[in-house]
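Numbering (my numbering) for the sequence shown: 4 to 206. Some notes on the structure that comes next.
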Amino acid sequence: ENPDANKFGIKCLEYINARAKSLQEETGLRWSVLQTPAESTAYRFATLDKEQFGDKAILQGDNGANYYTNSSHVPVNSDISFADKVKIEGKYHSLTPGGHIFHAFMGESYSDPDALMSLTNKIARKSDIGFWAYSSAFSFCLHCKTLMKGLSNKCPSCGETADVEWYDRITGYVQQVGHAKSANGGWNAGKRQELIDRRRFEQ
Numbered sequence: 004e005n006p007d008a009n010k011f012g013i014k015c016l017e018y019i020n021a022r023a024k025s026l027q028e029e030t031g032l033r034w035s036v037l038q039t040p041a042e043s044t045a046y047r048f049a050t051l052d053k054e055q056f057g058d059k060a061i062l063q064g065d066n067g068a069n070y071y072t073n074s075s076h077v078p079v080n081s082d083i084s085f086a087d088k089v090k091i092e093g094k095y096h097s098l099t100p101g102g103h104i105f106h107a108f109m110g111e112s113y114s115d116p117d118a119l120m121s122l123t124n125k126i127a128r129k130s131d132i133g134f135w136a137y138s139s140a141f142s143f144c145l146h147c148k149t150l151m152k153g154l155s156n157k158c159p160s161c162g163e164t165a166d167v168e169w170y171d172r173i174t175g176y177v178q179q180v181g182h183a184k185s186a187n188g189g190w191n192a193g194k195r196q197e198l199i200d201r202r203r204f205e206q
C-alpha cells in the first residue's frame with residue numbers, strides 16, 4: 004500500500020514483461036508473466052531471511068510464523084478500503100497476462116446475494132481486476148459435524164474445542180488449515196499466521 008513500493012513493483016513488472024517479449028522474439032516460444040502461487044515459498048524465504056538477517060529482515064507475522072506477502076498482492080492485514088485494494092492490485096493484473104487473482108476475503112456478514120452481485124458488477128465494470136474470488140473462512144466440528152461461519156475455536160452446538168477444524172482459501176482452492184487437534188495435514192506456520200492476520204471485508 005506504500006506508493007513508492009507500488010511504483011517500484013510496477014517498474015519491475017514492466018521490465019520483466021519487456022524481457023519476456025524479447026525472449027519471445029529470440030526463441031519463437033510463448034513467454035508470459037504471471038503471479039506466482041508460491042504459498043510455501045512465502046514462508047520458507049521469510050524463515051531463511053530471519054535466520055540470516057535477524058531483525059533487519061522486514062517480515063510479517065511473528066517468531067516462528069513469519070511470512071512474506073505472496074505475489075503482487077497488498078499485505079493481507081493492510082488497513083485500506085476494499086476499493087483501494089481493488090485499485091492497487093488491478094494495476095498489476097494488466098502486467099501479469101499469464102495469470103493473476105484478486106483475493107476478496109469476506110467477513111461473516113457478507114452473505115447477501117444482492118450485495119455480492121452489486122460488488123461483482125462494480126469490480127467487473129469499473130476496475131482493472133481480471134480475475135477474482137470471494138473467500139470466506141468456515142469452521143467444522145469434527146465431533147458433532149456442525150458447520151460454522153468464520154474461524155471458531157468452540158462449537159456452539161456441542162461445546163467441542165479440541166477438534167474444531169478451520170477451512171479457507173489457499174491459492175485457488177479451499178483447504179483444511181490443520182487447526183483441529185486430530186488434524187493430519189494443513190498449512191505451514193507462516194500461512195496459518197497469515198490466515199489469522201487476514202483483514203476480512205464486511206458489508
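C-beta: ideal position from N, C-alpha, C; glycine also.
Buried or exposed (CB count within 10 angstroms, at least 16 for buried), residue i
i	result
residue 177	exposed
residue 99	buried
residue 61	exposed
residue 173	buried
residue 196	buried
residue 42	buried
residue 88	buried
residue 15	exposed
residue 269	Residue 269 lies beyond the range of the chain shown here (4 to 206); nothing can be said about it.
residue 55	exposed
residue 64	buried
residue 51	exposed
residue 18	exposed
Residues sharing a beta bridge with residue i, DSSP
i	result
residue 142	151 and 169
residue 103	According to DSSP, residue 103 bridges with nothing at all.
residue 69	64
residue 109	204
residue 136	106
residue 179	170
Same chain only: Cβ atoms within 7 Å of residue i, ignoring 5 sequence neighbours per side
i	result
residue 35	23, 100 and 101
residue 110	203, 204 and 205
residue 186	168 and 179
residue 85	204
residue 199	none
Own chain residues within Cβ distance below 8 Å of residue i, not counting five before or after
i	result
residue 92	75, 76, 77, 105 and 132
residue 13	94, 95 and 98
residue 159	149 and 151
residue 114	139 and 152
Residues near residue i by beta carbon distance below 6 Å, same chain, minus five either side
i	result
residue 165	184
residue 118	206
residue 137	107 and 109
residue 40	174
residue 112	205 and 206
Distance between beta carbons of residue j and residue i, contact taken as under 8 Å
i	j	result
residue 169	residue 142	5 Å
residue 45	residue 189	So it is not a contact: roughly 16 Å between Cβ atoms.
residue 146	residue 163	4 Å
residue 20	residue 49	The pair is not a contact, with the Cβ atoms about 27 Å apart (cut-off 8 Å).
residue 27	residue 103	With 8 Å as the limit, residue 27 and residue 103 do not qualify as a contact, their Cβ atoms being about 19 Å apart.
Ranges of the alpha helix (DSSP H) found wholly within the region 16 to 89, counting only runs of at least 4: 42 to 56
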